[in-house]
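For the sequence shown, my numbering gives the first residue as 687, with consecutive numbering after it.
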Amino acid sequence: MSHESTLAERRLLRLWRLIRDGLPSPGRYRRYIVSVAPFLIGIWALTVFYIVAAPVSYKSAMTLILPGSGAGGSINLASIGQAMSQTSSAFSSPTLSPTENYKRLLGADLTLQRGAERLEDGSDALPKPTIKLVDQTNLIMVSITGSTPDQARERLEALRHAFLNLLDRLREDEAVKREAADLLRLDELEQKLQQAQLRVLQFQGETGLATLDQFNQRLGRVDALQISEEQLLRDAGRENARLERLASLLGLSEAQARHAQLLKADPLFQSLLKSYADVSTQWTQARATLGDRHLRMTELGAERDKLRSALVERGRALTELSLRALNDFVDLAVNGSRERLMDEWMSSAGVSAGAGAALESVREQIHRSSRETDRLVREAARLSDLMREQQVAEAVFSSALARLDTNKSDPFASYPLVQTFEPPSLPDRPASPSVKLALAGAIVASMMIIMGFLLLWLRQPIIQLLLPKK
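1. Count the other CB atoms, across all protein chains shown, that sit within 10 Å of the CB of residue 798; report buried if there are 16 or more and exposed otherwise.
2. Could you pull out every residue in the same chain whose Cβ sits closer than 7 Å to the Cβ of residue 848, ignoring the five residues on either side in sequence?
3. Since residue 747 and residue 828 are thought to touch, with beta carbons under 8 Å apart, how far apart are those beta carbons, to the nearest angstrom?
4. Within a Cβ cutoff of 7 Å, which residues of the same chain sit near residue 871, ignoring the five residues on either side of it in sequence?
5. Apart from the five residues just before and just after residue 1108, which ones in its own chain have a Cβ nearer than 6 Å to its Cβ?
6. For residue 1069, which of helix, strand or coil comes out of DSSP?
7. If you draw a straight line from the C-alpha of residue 1123 to the C-alpha of residue 737, how long is it?
8. When burial is assigned at 16 or more other CB atoms within 10 Å of the CB, is residue 733 buried or exposed?
9. Does the distance from the C-beta atom of residue 983 to that of residue 976 stay below 8 Å?
10. Looking only at DSSP bridge pairs, what is residue 1108 linked to?
11. Using three-state DSSP, classify residue 816 as helix, strand or coil.
12. Note down the Cα distance separating residue 1111 from residue 788, rounded to an integer number of angstroms.
13. Could you check where the alpha helix (DSSP H) with residue 879 kicks off and where it finishes?
14. Out of 1143, 970, 1078 and 1046, which one is the CA nearest neighbour of residue 881?
15. Between the Cα of residue 816 and the Cα atoms of 913, 742 and 845, which residue gives the shortest distance?
16. Please tell me whether residue 1113 and residue 723 are closer than 8 Å, where the distance is taken between their beta carbons.
17. Looking only at C-alpha atoms, which of 1130, 1142 and 1143 sits nearest to residue 730?
18. I need the straight-line Cα distance from residue 1051 to residue 919, nearest angstrom please.
19. With distances taken between CB atoms, is the gap from residue 1132 to residue 726 smaller than 8 Å?
20. Would you please state the rounded distance, in angstroms, between the beta carbons of residue 1062 and residue 886? I believe it to be under 8 Å.
21. Based on Cα-Cα distance, which residue from 1117, 1135 and 793 lies nearest to residue 831?
22. Rounded to the nearest angstrom, how far is the Cβ of residue 1103 from that of residue 784, given a contact under 8 Å?
23. Given this structure, state the Cα-to-Cα distance separating residue 745 from residue 860, to the nearest angstrom.
24. In the DSSP assignment, what residue or residues form a beta bridge with residue 744?
25. Taking just the CA atoms, how far does residue 927 sit from residue 968?
26. Compare the C-alpha of residue 1125 against each of 717, 716 and 735 and name the closest.
27. The alpha helix (DSSP H) spanning residue 1132 covers which residue range?
28. Excluding sequence positions up to five away, which residues of its chain have a Cβ less than 7 Å from the Cβ of residue 814?
29. Hey, residue 965 and residue 990 are a contact pair by Cβ (cut 8 Å); roughly how many whole angstroms apart?
30. With a threshold of 7 Å on Cβ separation, who are the neighbours of residue 806 within its own chain once the five nearest residues in sequence on each side are excluded?
31. Tell me whether the beta-carbon of residue 1105 lies closer than 8 Å to the beta-carbon of residue 751.
32. Of the residues 865, 913, 971 and 894, which one's Cα is nearest the Cα of residue 1069?
33. Based on Cα-Cα distance, which residue from 1049, 876 and 1074 lies nearest to residue 913?
34. What is the DSSP secondary structure of residue 825, reduced to helix, strand or coil?
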């Protein structure tokens, strides 16, 4: 305790010596007062003059807010394409701030001039507003002064309308320029689409190939012809086998069969053959009841021989067969069972000939189609490319046309929407002159002057205290 009390006594003694040695002599107080008084009088005189003579002004304030969300839309066009319109938030860019842009627009000379024109008070421009951006928010705080509360509010209201009108004009100008550029681009796309359509039509007119379905139908026709060829081959083989079997039963060679077919096809020969068959039948029936020397038998025999001679003569004129071969054929033709076999052979021969002719026709069509296949493949490939180009041009044009309309759905893409969070206020007290602020400034200035003179009075003891003792 004694040690602490000793330290306290030493400190008090040192302070007393500092004050004693630093204070001026009583005769010098008047001189210091005379030196300090003008400064203090000047400060307080200026303060009083500011409070009394400064013009009174009022400050009106408002708060604007910018919504931060974006908008988007999408249109799907069936079998054509898709049009999408996406508006990102104005605050998504780390380098650009719409609030800073709007701060500059609020203080722009053009905005202030338009506000003065709206106010119609004879001034060329509104006074510079005070604009404050609140960090981490989308708020813009704006204030402006006026000589009266109503004037301050009217000025701020005029500034707000001028600012919003300027934004509307900028949005309209942007929309007009964008639409002009989009229409120019749309004209280019329409020309490309028309050129693509013209190329398709010209190619279709030159080649006769209108669609890829037509190409597939032609290929399918070739496949159908090949299937028909296989079927006709089977039919012809079956009929040829049947012909060979009937020819074997009839005992005819291939040449005889052809001659028989020729005779069967001759109407005169067939008429004579029918008459000969009828007379032969009558002769056979009469022979069963009459004798060989009977007059009826003689007449029928003479008529039969005459018809047989006519048949042989007609047959030799058609086939150049020998007399014996023709007689054998006549006997064969009038034989009932063998005649049925001959009819079957003739019918089968006709079917076989028809199948052969059809087979040749089908093979000719297949050969002709096969020659055209390579050309059709090249034409189909070219048509596919041209139609793809046309479809792409249609999709791009349709998407651009739809996008031209969807882009108009959000006019706030470049210049975000501004809402008035707090309308211009009507001030209830002057913003200046501020008595409290003036008095506080005068007091602080007076204290600093007094402190300065105190430092002058105590400079010697302070210097001695700071200098090292010898």
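Ideal placement from N, C-alpha and C gives every residue a C-beta, glycine not left out. Fair warning: this is a prediction, and the values are worked out from it, not measured in the lab.
This is what the structure holds:
1. Per the 10 Å Cβ criterion, buried.
2. Excluding five sequence positions before and after residue 848, the CB atoms of its chain that fall closer than 7 Å to its own CB belong to 797, 800, 801 and 804, given in chain order.
3. Rounded, the Cβ-Cβ distance is 7 Å, consistent with contact.
4. Closer than 7 Å at the Cβ level, and outside the excluded window around residue 871, lie 1086.
5. 748 and 749.
6. Correct three-state label for residue 1069: helix.
7. Approximately 10 Å between the Cα atoms of the pair.
8. Looking at its Cβ environment, which holds 16 or more other Cβ atoms inside 10 Å, residue 733 is buried.
9. Yes, they are a contact pair.
10. In DSSP, residue 1108 forms a bridge with 749.
11. Shown here, residue 816 sits in a strand according to DSSP, grouped into three states.
12. Looking at the backbone, the Cα of residue 1111 and that of residue 788 are separated by about 20 Å.
13. It spans 835-893 - the alpha helix (DSSP H) in which residue 879 sits, taken as one unbroken run.
14. Closest option to residue 881, Cα to Cα, is 1078.
15. It is 845.
16. Between residue 1113 and residue 723, the CB-CB gap reaches or exceeds 8 Å.
17. The residue from 1130, 1142 and 1143 with its alpha-carbon nearest to that of residue 730 is 1130.
18. The C-alpha of residue 1051 lies about 15 Å from the C-alpha of residue 919.
19. A contact, by the Cβ cut-off of 8 Å.
20. About 17 Å separates the two Cβ atoms, so there is no contact after all.
21. Looking at the Cα atoms, 1117 is the closest of the given residues.
22. The distance from the Cβ of residue 1103 to that of residue 784 is about 10 Å, inconsistent with a contact at the 8 Å cut-off.
23. For residue 745 and residue 860, the distance between alpha carbons rounds to 35 Å.
24. Answer is 832, bridged to residue 744.
25. In this model, residue 968 and residue 927 are separated by some 38 Å (Cα to Cα).
26. If we check each option's Cα against that of residue 1125, 735 comes out closest.
27. Start and end: 1121-1143.
28. Counting only Cβ-Cβ distances below 7 Å, and skipping sequence neighbours, we find 793.
29. With 8 Å as the limit, residue 965 and residue 990 qualify as a contact, their Cβ atoms being about 5 Å apart.
30. Excluding its 5 nearest sequence neighbours in each direction, residue 806 has no C-beta neighbour in its own chain below 7 Å.
31. Cβ distance < 8 Å, so residue 1105 and residue 751 count as in contact.
32. Of the listed residues, the one whose Cα sits closest to residue 1069 is 894.
33. The residue among 1049, 876 and 1074 with its C-alpha nearest the C-alpha of residue 913 is 1049.
34. DSSP, reduced to helix, strand and coil, places residue 825 within a strand of the structure shown.
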